[in-house]
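J.: Take this structure first; my questions come after.
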Amino acid sequence: MEFRSCCKYARISPRKARYVIDLVRGKSVNDALRILRATHKRASYMIDKVIRAAIAAANENLDVDVDSLYVTQALVDGG
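As structure tokens, then:
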């Protein structure tokens, strides 16, 4: 099952956000959150919120085990 979450109207350049997104793409959500907490970039706070929202959606809808979730796709588009 795939769960989606997005952050709209974020006031940060896509290039700076892509730098942080590349760190967490393909990782488990626990590893991704750990990496984001250790990364001192402005985009890491926003991406952390998006991943936590996707985890909450997974728990709310299907009561999925958090340890089995992975970041399969992460995109940053310019507005």
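Take 1429 as the starting number for the sequence shown in this note's numbering and just add one per residue.
The beta carbon of each residue, even a glycine, is placed where N, CA and C say it ideally should be.
Suppose you measure from the CA of Phe1431 to the CA of Ala1460; what does that come to, to the nearest Å?
T.: Roughly 16 angstroms between the two C-alpha positions.
J.: Are the CB atoms of Ser1389 and Tyr1498 nearer to each other than 7 angstroms?
T.: Absent from the structure is residue 1389, since the part of the chain shown begins at 1429 and ends at 1507.
J.: Taking 8 angstroms as the limit between beta carbons, can you name the residues of its chain near Thr1500, skipping five residues before and five after?
T.: Counting only Cβ-Cβ distances below 8 angstroms, and skipping sequence neighbours, we find Glu1430 and Gly1454.
J.: Please confirm whether Val1478 and Ala1486 have their CB atoms less than 7 angstroms apart.
T.: Against a cut-off of 7 angstroms, the Cβ pair of Ala1486 and Val1478 comes out as no contact.
J.: Ala1471 and Ala1445 - do their beta-carbons sit closer together than 7 angstroms?
T.: Cβ atoms of Ala1445 and Ala1471: closer than 7 angstroms.
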